[in-house]
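Quick note: the sequence shown uses this note's numbering, first residue 328, plus one each step.
The structure appears right after this line, and notes come after that.
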Amino acid sequence: MRPVHAHAAEGSPPVNTRRLKPVVERTQTDNPVRASLSADEFWRLADWARSPENLAYHVETLVSWAPVELLEKPSAVTDEAGHHWYLCKFRYFGPVRERETLILSVRSALDNLTSWRDVDEHR
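Encoded structure:
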């Protein structure tokens, strides 16, 4: 899977995570500090037309076999082209030596649900 700033398919525009905006505007008290992800966390953007609750249900059902959890309800974001995505934050909590293999298996399973783009870091 290519990072989110790369082209997903031939002819499709790139998605720049620095320009993603939450659907609900931030308040002045929000802290937009950039966070680097740990090796146990991975974030992905889902191309999903239904509700975030529906996406969370399908994701949790699909990956229930793996030591991976959805950290919070998927949040709606819009890219600079006006395309709507859902940001999903995942955390791996299994054995360290199997982390790479299991996360790759979860990503493959999720790819069968809908189109996804990886997010390396998010502000």
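C-beta: ideal position from N, C-alpha, C; glycine also.
Computed from a predicted model, the values in this text were never measured in an experiment.
N-terminal and C-terminal residue of the alpha helix (DSSP H) that residue i is part of
i    : result
E396 : Here E396 belongs to no alpha helix (DSSP H); instead the beta strand (DSSP E) covers 395-397.
First and last residue of the uninterrupted beta strand (DSSP E) at residue i
i    : result
H385 : That residue, H385, is in no beta strand (DSSP E); its alpha helix (DSSP H) goes 379-389.
E368 : 368-374
A408 : Per DSSP, A408 belongs to no beta strand (DSSP E) and is neither H nor E.
C-alpha distance - residue i paired with residue j, whole-angstrom precision
i    : j    : result
H385 : P379 : 10 Å
A383 : Y419 : 16 Å
W443 : R424 : 26 Å
Residue(s) in a DSSP beta bridge with residue i
i    : result
F417 : F369, L397
V446 : W370
A403 : Y413
Selection from the options that minimises the alpha carbon distance to residue i
i    : options                : result
V404 : T388, G421, L398, D374 : D374
N381 : S365, G421, V423, T441 : T441
A392 : K416, R434, E407       : The residue asked about is misnamed: residue 392 is Trp in this sequence, not Ala. Nearest of K416, R434, E407 to W392, Cα basis: R434.
L372 : P394, S365, V395, H411 : H411
S365 : Y413, E427, P401       : E427
Cβ shell of residue i (< 7 Å), same chain only, five flanking positions each side left out
i    : result
T388 : none
G421 : P394, L429
Nonlocal neighbours in the same chain, by C-beta distance under 6 Å from residue i, ignoring five residues either side
i    : result
E396 : R418
V369 : With the sequence shown as reference, residue 369 is identified as Phe, and Val is not the correct amino acid for it. Taken in chain order, the residues that qualify are F417.
Neighbourhood of residue i by C-beta distance below 8 Å, restricted to the same chain and skipping five residues each side
i    : result
G367 : In the sequence under discussion, the amino acid at residue 367 is Asp, which differs from the Gly named in the question. Contacts found: R418, Y419, F420, R426.
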